[in-house]
Structure formats: structure tokens, C-alpha cells
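Just so you know, the sequences run in chain order U and Y.
Heads up, our numbering is the position in the first sequence plus 517, with the first residue counted as 1.
Heads up, our numbering is the position in the second sequence plus 41, with the first residue counted as 1.
For each residue, glycine too, the CB sits at the ideal point set by N, CA and C.
Okay, so here's the structure we're looking at.
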Amino acid sequence: DQQVKQNSPSLSVQEGRISILNCDYTNSMFDYFLWYKKYPAEGPTFLISISSIKDKNEDGRFTVFLNKSAKHLSLHIVPSQPGDSAVYFCAASEGPGKLIFGQGTTLQVKP
Amino acid sequence: EAGVAQSPRYKIIEKRQSVAFWCNPISGHATLYWYQQILGQGPKLLIQFQNNGVVDDSQLPKDRFSAERLKGVDSTLKIQPAKLEDSAVYLCASSLRIDEKLFFGSGTQLSVL
Chain U
518 DQQVKQNSPS LSVQEGRISI LNCDYTNSMF DYFLWYKKYP AEGPTFLISI
568 SSIKDKNEDG RFTVFLNKSA KHLSLHIVPS QPGDSAVYFC AASEGPGKLI
618 FGQGTTLQVK P
Chain Y
42 EAGVAQSPRY KIIEKRQSVA FWCNPISGHA TLYWYQQILG QGPKLLIQFQ
92 NNGVVDDSQL PKDRFSAERL KGVDSTLKIQ PAKLEDSAVY LCASSLRIDE
142 KLFFGSGTQL SVL
């Protein structure tokens with residue numbers, strides 16, 4: 518029973534275009550959401566987060582949107598760059614330090 | 042700033058054998074985590090330490106897995122005996138405090154044959 522789901526295993530976009538990665542969750546008690554990025558042979562690295570009291574958080578080219586009524590969040594990358602090619606994990610916090618991760622979406626940005 | 046160090050990088054063992062993984066967190070980080078990432082899935086929390094005390098080990102298969110964090114710094118995760126389904130990447134992470142963001146190591150890739 519997966520509480521955090523990333524239904525698209527992979528996404529391919531052209532350099533310079535927008536990448537949109539999606540994530541759905543089932544537990545309305547989650548109060549904090551994060552996105553992590555993972556390159557091959559490396560551990561995940563923190564990218565951006567959002568509190569449940571907000572609906573948008575922006576950091577440079579990365580924006581996370583939260584739709585609590587739909588229990589859905591998305592990560593927008595604009596413009597996409599080849600260096601953004603990685604696996605992106607959505608995670609939800611169910612308590613201090615307790616993260617539940619989605620399955621990941623592999624993003625490929627083509628030059 | 043040095044990151045989270047893990048060793049070994051890779052390990053191949055036969056089922057029913059034992060294996061141990063080591064983690065050295067970022068200096069000063071009080072909270073340490075072990076995650077298991079099976080191929081095609083996201084990381085799953087196995088155990089969480091605050092200094093040298095266990096905060097949460099509800100997902101740790103305690104009949105075969107054990108972990109310790111001596112002196113609140115380094116940690117080891119042991120599997121004894123290993124099963125085929127234990128094949129995964131074992132990730133160690135640390136955070137300054139329990140509610141701060143996690144920094145992950147590169148992981149240990151375990152293959153159980």
C-alpha cells in the first residue's frame with residue numbers, strides 16, 4: 518500500500534523546454550513534501566521542499582506546486598538542461614525525519 | 042564539508058551468509074538513518090538514530106537485521122542471514138537535527154545470490 522506514488526517511471530524532454538514531474542499521495546496528514554534528485558552511483562540530494570500550508574515554492578529553475586485537495590504535487594523545471602537528467606524522488610514527511618518516498622521518475626533531457 | 046561516507050561500495054554474497062555495512066555521518070549530525078532501496082522503488086526507512094539511541098526501527102526486520110550507532114557517530118548495519126530479497130542499495134543518511142533535511146551517502150549495493 519503505497520502512500521506516495523509517482524506514476525510516470527520516465528520522462529523525456531528537449532533542452533530548454535519545461536519538465537513536469539508529478540506525485541500523488543494518499544495521507545492527508547502529511548505536512549511537508551520534498552523532492553530529491555539522484556544521479557547514478559550517488560545518493561539522493563535534496564532539491565526543494567514545500568510545507569502543506571503553501572501551494573507553491575520556487576527556487577531558481579525549480580518550482581514545486583502543491584494541490585492539497587487533489588493530494589497532488591508537481592515539480593516544474595524551466596528551462597530544462599541536460600545536467601538535470603537524473604532520477605527524481607518525491608517524498609512526504611509523516612513526522613520529524615520520517616520520509617516516505619515515491620518510486621522515482623527518470624528524467625532525460627535531450628540536447 | 043565532507044559528506045556521508047559509506048563502505049563497502051559493492052558487496053556480493055550468497056544467501057544465508059552475513060554482511061555488514063558501515064556509515065560515517067557528516068560531523069556534528071545528531072540524526073542518522075539507514076534506508077533500503079530495492080530496484081525500481083524509492084528508499085524505505087529501516088532505522089533512525091538520534092545520537093546513539095534508536096528513534097524508530099519499526100520497519101527493520103529484526104529477525105535478521107541489526108544496527109548500532111556507537112558513541113553517537115559511526116553506525117553499522119548487519120544482515121544475518123541474508124535472503125535473496127535483501128538485494129538492494131543500502132543508503133545511510135544524516136541530518137543536523139531530527140527535523141532538518143537529510144544528506145545521503147552514495148550507498149552500498151548488495152547482491153545476494
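- Message: Going by beta-carbon coordinates alone, are Arg50/Y and Leu73/Y separated by less than 8 Å?
- Response: no
- Message: What are the residues in the segment 553-571 of chain U lying within 9 Å of chain Y by C-beta distance?
- Response: Tyr553, Lys555, Ala558, Glu559, Gly560, Pro561, Thr562, Phe563 and Ser566
- Query: From Pro122/Y to Phe62/Y, what does the alpha carbon distance come to, in whole angstroms?
  - Reply: 14 Å
- Query: Quick one: which chain Y residues come within Cβ less than 7 Å of Gly621/U?
  - Reply: Gly83
- Task: Could you round the C-beta distance between Ser116/Y and Phe90/Y to whole angstroms and report it? I think they count as a contact, below 8 Å.
- Result: 7 Å
- Query: Quick one: which chain U residues come within Cβ less than 8 Å of Asp98/Y?
  - Reply: For Asp98/Y, there are no C-beta contacts with chain U under 8 Å, since the nearest C-beta of that chain is about 12 Å from it.
- Query: Roughly how many angstroms lie between the CA atoms of Lys124/Y and Pro102/Y, to the nearest whole one?
  - Reply: 12 Å
- Beta-carbon proximity of Gly614/U to Ile139/Y, cut-off 8 Å: Cβ distance < 8 Å, so Gly614/U and Ile139/Y count as in contact.
- Item | Straight-line Cα distance separating Ser529/U from Gly148/Y | 26 Å
- Query: Is it right to say Ser586/U is buried, meaning 16 or more other beta carbons lie within 10 angstroms of its own, or is it exposed?
  - Reply: exposed
- Determine the closest residue to Ala134/Y out of Gln58/Y, Arg57/Y and Leu118/Y, with distance taken between C-alpha atoms. The residue with the shortest Cα to Cα distance from Ala134/Y is Leu118/Y.
- Below 7 Å between beta carbons is the criterion; list the residues of the segment 521-555 of chain U that meet it against any residue of chain Y, in chain order. none
- Residues that Gly146/Y contacts on chain U, provided the C-beta gap is smaller than 7 Å: Gly560
- Message: At the 8 Å Cβ level, is Leu590/U part of the contact set with chain Y, yes or no?
- Response: no
- Query: For the beta strand (DSSP E) that contains Val114/Y, what are its first and last residues?
  - Reply: Unbroken run through Val114/Y: none, as it is neither H nor E.
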